[in-house]
Amino acid sequence: MSAQAGQWPDQLFETIKRGGVRQVGYVPDAGHARLIDRCRADPDIHDVVLTTEEEGIALAAGAWLGGQRAALLMQSSGLGNCINMLSLARTCRFPLLMLITMRGEWEEFNPWQVPMGSIVDPVLKLCEAEVYRVREPGEVPGIAERAVQQTFGDERIVAMVLSQQLIGRKVWTK
Amino acid sequence: MLERRAAMATLVKDRDEGLLVVPGLGSTTWDLAAAGDDPRNFYLWGAMGGAAMIGLGLALAQPDRRVAVITGDGEMLMGLGALATIGNKRPPNLAVIVFDNGVYGETGMQPSHTQNGVDLIRVAGACGIPTCLDVRDDHALADLAARLKNLRGTLFARVLISADEPPRVLPLRDGAEIKSRFRAALGVKA
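Each protein sequence line maps, in turn, to chains S and X.
Residue numbers for the first sequence follow my numbering, beginning at 1 and rising by one.
Residue numbers for the second sequence follow my numbering, beginning at 175 and rising by one.
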C-alpha cells in the first residue's frame, strides 16, 4: 500500500473536523475503521454508535436543530435502511453528509452484498442527494472539502461514495 | 390511566425557554399543538421511528437546554433500537416520554405490541437508561412534569393514557419552516 493510499481516512477525518463536524453517527464498518477510531479519540466529537443507519439521519437532523454539524458513516448496505427516514432531510431541507463505503462491486466475494451495492447511486439520486464518487486516494481531500461545504453551506444532502477499489478487498481467509 | 391532551398540557405547562420538545408523528404532534404553539416544538408529520434519535442529536448539541421527546407507543416501537443507542450515550438533558395507549390511533385503533406483553419501561431499563418511570396517575404525572424542569440524567417515562381520539389540532406543516423557526428561536447558526 502506498503512503498516499493509507492516508485517506486521516485526510477525511481532518477535513470533516476542520469543517466543524461535532457529531458522527455510525454503524461499525471495516472500511471506516480508521475514521471511526479518529472520531472516537477526539474529545470534541460526539461519536454515536447506531443500531441501524436510519437512526443517523434523525441524529443529524437533531444536531442541526441544535446548531451542530453531523456526519453519518455507513456501508452501502446501510443506505437501504435509510430510505424513508431520508424524507426527514428532504422535507425539512436538513443538511446531511453521508460518507458511504462501497461493497458489492470490485472483487466482491460475498454475493449478498451485490443487490444493495448495485443500486446505491440511483437510489441516492432518487433521494435528491448530490453524489460524489471517489476512486483514487488522491481525490479524497478535494472532494471531502467540497462535500462539507455543499452540505452545510447549501443545506443539501450530499453523499461521498468511496469505491471498493479505494478501500481494498476484504480478506476472507487468514 | 390518563387523558392524553390533559397529560400533554401538564408536561409543557409554564415551560421556560430551556425546554425543547420533539413529538412523534400523529397524535402526540396534535396533542402538543393543542397545548399551545411554540417555536421550540419540532413537530413531526413523518419520519416514523425517528423522534427519539432527533432528541438525542438535539440534546448532545444543546447541553444547556432540556429536550423532551414525547411520542406514541407505535412510533417508539418502530425505532426501538434508538433506546439502545440512547442508553449507550446517556445525555443528562434528554427525556424520552411515551404516551402508551396500546393502539395505533391514527390508523384505526389496531393493537400495538404494548397491548400484548411488550413492556417499554423494562426495555428502556435493559438498554441502560438510568431512570425509567411508570406514569399512571396525576400524582406521577406531576412528578414527571417537575423532573422536566430540572433534568439530571437520561430519563424514560411510559405514560399510560386512555385510547381515545380527541379532535385533531394541526400545527405548521412545512418542515423547512418548522426547522428554521426552531433554529431561530434557539439563536443557532452552525
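All C-beta atoms in this analysis are idealised placements derived from N, C-alpha and C, irrespective of residue type, glycine included.
Since the structure is predicted, the reported quantities are computational estimates derived from the model, not experimental observations.
(message) Please tell me whether Ala-350 (chain X) has its Cβ less than 8 Å away from any Cβ of chain S.
(response) Locating residue 350 (chain X) in the second sequence gives position 176, where the first residue counts as 1. Chain S contact via Cβ: present.
(message) Going by DSSP, what residue range makes up the alpha helix (DSSP H) through Val-234 (chain S)?
(response) Because residue 234 (chain S) is not part of the residues shown, which for chain S are 1 to 174, the question remains open.
(request) Would you mind stating whether Asn-267 (chain X) and Arg-239 (chain X) have Cβ atoms separated by less than 8 Å? (result) On the second sequence, position 93 is the one that residue 267 (chain X) refers to. On the second sequence, position 65 is the one that residue 239 (chain X) refers to. The criterion of a C-beta distance shorter than 8 Å is satisfied by Asn-267 (chain X) and Arg-239 (chain X).
(message) Check this for me: beta carbons of Ala-207 (chain X) and Leu-344 (chain X), under 8 Å apart or not?
(response) Here residue 207 (chain X) refers to the residue found at position 33 when the second sequence is read from its first residue. Here residue 344 (chain X) refers to the residue found at position 170 when the second sequence is read from its first residue. Their beta carbons are under 8 Å apart, which means Ala-207 (chain X) touches Leu-344 (chain X) by this criterion.
(message) Between X:Phe-330, X:Gln-289, X:Leu-360, X:Ala-319, which has its C-alpha nearest Thr-184 (chain X)'s C-alpha?
(response) Counting from one through the second sequence, the residue named residue 184 (chain X) turns up at place 10. Thr-184 (chain X) has its Cα closest to that of X:Ala-319, out of X:Phe-330, X:Gln-289, X:Leu-360, X:Ala-319.
(message) Please list the terminal residues of the continuous alpha helix (DSSP H) segment that includes Leu-59 (chain S).
(response) To locate residue 59 (chain S), count along the first sequence from 1; it is residue 59. First-last of the alpha helix (DSSP H) with Leu-59 (chain S): 53 to 65.
(request) Measuring alpha carbon to alpha carbon, tell me which of X:Tyr-278, X:His-287, X:Ala-258 ends up nearest Cys-301 (chain X). (result) In the second sequence, residue 301 (chain X) corresponds to position 127, counting from 1. Selected option, being the one with the closest Cα: X:Ala-258.
(request) Taking Cys-92 (chain S) as part of the alpha helix (DSSP H), name the residues at either end of that continuous run. (result) Sequence index remark: in the first sequence, residue 92 (chain S) carries index 92 (1-based). Note, Cys-92 (chain S): alpha helix (DSSP H), 86 to 92.
(request) Look up Gln-68 (chain S) in the DSSP assignment and say whether it is helix, strand or coil. (result) Residue 68 (chain S) sits at position 68 when you count from the first residue of the first sequence. Residue state, collapsed to three classes: coil.
(message) Rounded to the nearest angstrom, what separates Pro-285 (chain X) and Asp-338 (chain X) at their Cα positions?
(response) As a first step, residue 285 (chain X) is located in the second sequence; it is residue number 111 there, counting from the start. As a first step, residue 338 (chain X) is located in the second sequence; it is residue number 164 there, counting from the start. Between Pro-285 (chain X) and Asp-338 (chain X), the C-alpha separation is close to 13 Å.
(request) Measure the beta-carbon distance from Ala-63 (chain S) to Leu-234 (chain X) and round it to whole angstroms, keeping in mind my assumption that it falls under 8 Å. (result) The residue given as residue 63 (chain S) occupies position 63 in the first sequence. The residue given as residue 234 (chain X) occupies position 60 in the second sequence. The C-beta separation of Ala-63 (chain S) from Leu-234 (chain X) comes to about 7 Å, placing the pair in contact by the 8 Å criterion.
(request) Take the Cβ of His-313 (chain X) as the centre, count every other Cβ of all protein chains shown within 10 Å, and call the residue buried at 16 or more, exposed below. (result) Reading the second sequence from its first residue, position 139 is the one you call residue 313 (chain X). His-313 (chain X) counts as exposed, since fewer than 16 other C-beta atoms from the protein chains shown sit within 10 angstroms of its C-beta.
(request) Please name the residue in X:Leu-294, X:Arg-321, X:Arg-355 whose C-alpha comes closest to that of Lys-187 (chain X). (result) Working through the second sequence from its first residue, we reach residue 187 (chain X) at position 13. Put simply, of X:Leu-294, X:Arg-321, X:Arg-355 the residue whose alpha carbon is nearest the alpha carbon of Lys-187 (chain X) is X:Arg-321.
(request) Indicate whether Glu-249 (chain X) and Gly-291 (chain X) have their beta-carbon atoms separated by less than 8 Å. (result) Numbered from 1 along the second sequence, position 75 holds the residue referred to as residue 249 (chain X). Numbered from 1 along the second sequence, position 117 holds the residue referred to as residue 291 (chain X). No Cβ-Cβ contact shorter than 8 Å links Glu-249 (chain X) with Gly-291 (chain X).
(request) State the DSSP-derived secondary structure class of Gln-150 (chain S), mapped to helix, strand or coil. (result) If you number the first sequence from 1, residue 150 (chain S) lands on position 150. Collapsing the DSSP output to three states places Gln-150 (chain S) in a helix.
(message) By the three-class DSSP mapping on this structure, what secondary structure does Met-1 (chain S) have?
(response) In the first sequence, residue 1 (chain S) corresponds to position 1, counting from 1. Any reading at Met-1 (chain S) is ruled out, since the residue's pLDDT is 48, under 50, leaving its predicted position unreliable.
(request) Consider the Cβ of Gly-255 (chain X): report whether some Cβ of chain S lies at a distance smaller than 8 Å. (result) Start at 1 with the first residue of the second sequence, and residue 255 (chain X) comes out as number 81. For Gly-255 (chain X), the nearest CB of chain S lies under 8 Å from its own CB, placing it at the interface with that chain.
(request) With a threshold of 16 other CB atoms inside 10 Å of the CB of Gln-236 (chain X), please say whether the residue is buried or exposed. (result) Indexing the second sequence from 1 puts residue 236 (chain X) at position 62. The Cβ neighbour count for Gln-236 (chain X), taken over all protein chains shown within 10 Å, is at least 16; the residue is labelled buried.
(message) Between Gly-80 (chain S) and chain X, is any beta-carbon pair separated by less than 8 Å?
(response) Here residue 80 (chain S) corresponds to residue number 80 of the first sequence, with the count starting at 1. Not an interface residue.
(request) Closer than 8 Å by beta-carbon distance: list the chain X residues that pair up with Ser-87 (chain S), in chain order. (result) Stepping through the first sequence from its first residue, residue 87 (chain S) is reached at position 87. By Cβ distance, chain X contributes Gly-220, Ala-221.
(message) So if DSSP puts Ile-100 (chain S) in a beta bridge, which residue, or which two residues, is it bridged to?
(response) Along the first sequence, one-based indexing puts residue 100 (chain S) at 100. Looking at the DSSP assignment, Ile-100 (chain S) forms a beta bridge with S:Met-74, S:Val-161.
(message) So, for Leu-124 (chain S): in the same chain, excluding its five sequence neighbours on each side, which residues have a beta-carbon less than 6 Å away from its beta-carbon?
(response) For the purposes of this step, residue 124 (chain S) is taken as residue 124 along the first sequence, with counting starting at 1. Within the same chain, Cβ atoms closer than 6 Å to the Cβ of Leu-124 (chain S) are found at Val-131, Ala-159, the five residues on either side in sequence being excluded.
(request) Would you give the residue range spanned by the alpha helix (DSSP H) that Ala-320 (chain X) belongs to? (result) Mapped onto the second sequence, residue 320 (chain X) falls at position 146. That run of the alpha helix (DSSP H) goes 312 to 322.
(message) Below 9 Å on C-beta distance, what does Asn-262 (chain X) contact in chain S?
(response) Within the second sequence, numbered from 1, the residue matching residue 262 (chain X) stands at position 88. Ordered by position in chain S, the residues that pass the 9 Å Cβ test against Asn-262 (chain X) are Val-48, Val-49.
(message) Strictly under 8 Å for the Cβ-Cβ distance: is Gln-164 (chain S) near chain X by that measure?
(response) Taking the first residue of the first sequence as 1, we reach residue 164 (chain S) at position 164. No, because no Cβ of chain X sits closer than 8 Å to the Cβ of Gln-164 (chain S).
(message) Using a 10 Å radius around the Cβ and a threshold of 16 neighbouring Cβ atoms, would you call Phe-109 (chain S) buried or exposed?
(response) Translated into positions along the first sequence, residue 109 (chain S) becomes position 109. Looking at its Cβ environment, which holds fewer than 16 other Cβ atoms inside 10 Å, Phe-109 (chain S) is exposed.
(message) If you reduce the DSSP assignment to three classes, tell me which class Thr-184 (chain X) lands in.
(response) Taking the second sequence and counting its residues from 1, one reaches residue 184 (chain X) at position 10. Thr-184 (chain X) falls in the helix class under three-state DSSP.
(message) Can you check whether the C-beta of Ala-258 (chain X) is within less than 8 Å of a C-beta belonging to chain S?
(response) In the second sequence, residue 258 (chain X) corresponds to position 84, counting from 1. Cβ-Cβ to chain S under 8 Å: yes for Ala-258 (chain X).
(request) Kindly indicate if chain X contains any beta-carbon less than 8 Å away from that of Cys-127 (chain S). (result) Within the first sequence, numbered from 1, the residue matching residue 127 (chain S) stands at position 127. No, Cys-127 (chain S) lies away from the interface with chain X (no Cβ there is under 8 Å from its Cβ).
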